[in-house]
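> The sequence shown finishes on residue 201 if you use the numbering used here, and the numbering steps up by one all the way, no holes.
Glycine included, each C-beta is placed from N, C-alpha and C at the ideal position.
The model shown is predicted, which means the values in this text are computed figures rather than measured ones.
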Amino acid sequence: RTAHFPAVKTLEDFNLDHLPSLRRDVLPHLSTSTFVAKAENVILLGPPGIGKTHLAIGLGVRATQAGHSVLFDTASNWIARLAAAHHGNRLEAELKKIRRYKLIIIDEVGYIPFDQDAAKLFFQLIASRYEQGSVMVTSNLPFGRWGETFSDDVVAAAMIDRVVHHAEVLTLTGDSYRTRQRRNLLRDQ
Ligand code: ADP
Ligand code: MG
């Protein structure tokens, strides 16, 4: 079972002291992976370096350990995959194939804007999993700005509506962990 995680990150390595505003019960709850069994979603929002990708991988690892099939990729790569299928007239088959995964992780929504065709493909991915399979999404943008990244307010609103219906939305706030580490390094010299 290959999840294609881009790095080795675990929940054990995640320093919760850096996120004092995060509800303390959230990660223990999500790490049980019952959200995957229930086809619920997880949305991780927050600025660059706050730990979204780390948490997504850590939770994804837990889900695989619980026996769920997981597939991780960036939003751009998900779109590329769907666009290729669409051009080959096999989008439905591809969506069906993706539905075999109990959890898909879509990292970095918001860094690279999508044109309207890409936004529609993304919508179809979300819609095809609605109440069928879990989606975990990370984004540097609050929902109010997803219309910008999808070049279409209506499609973005319809997508958000579906994705948040059964979801844990974690809005992470604070400094970049990378910046903090650099600052500590400089201070300790
Ligand atoms: P984001 O995806 O939000 O931009 P990342 O998850 O890539 O941020 O985190 C940036 C770097 O900082 C990564 O190397 C990650 O492992 C580390 N990191 C972020 N937050 C924490 C944390 N709370 N505890 C330990 N490492 C962290
Ligand atoms: Mg990231």
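CA-CA distance, ARG112 and ASN27?
33 Å
> Beta carbon of SER188, beta carbon of LEU57: below 8 Å?
It is not a contact, given that the beta carbons lie outside the stated cut-off.
> Measuring straight from C-alpha to C-alpha, what distance separates LEU71 and SER88?
21 Å
> Can the beta-carbon of VAL147 be found closer than 8 Å to that of ILE116?
yes
> Within a Cβ cutoff of 8 Å, which residues of the same chain sit near ARG192, ignoring the five residues on either side of it in sequence?
HIS30
> I'd like the span of the beta strand (DSSP E) that includes ASN8, first residue to last.
Outside the shown range of the chain, which is 13 to 201, sits residue 8, and nothing can be said about it.
> Entirely within the segment 79-167 and at least 4 residues each: give me those alpha helix (DSSP H) ranges in chain order.
87-99, 103-111, 128-141 and 158-161
> Is it right to say THR161 is buried, meaning 16 or more other beta carbons lie within 10 angstroms of its own, or is it exposed?
With 16 or more other CB atoms across the displayed protein chains lying within 10 angstroms of its CB, THR161 is buried.
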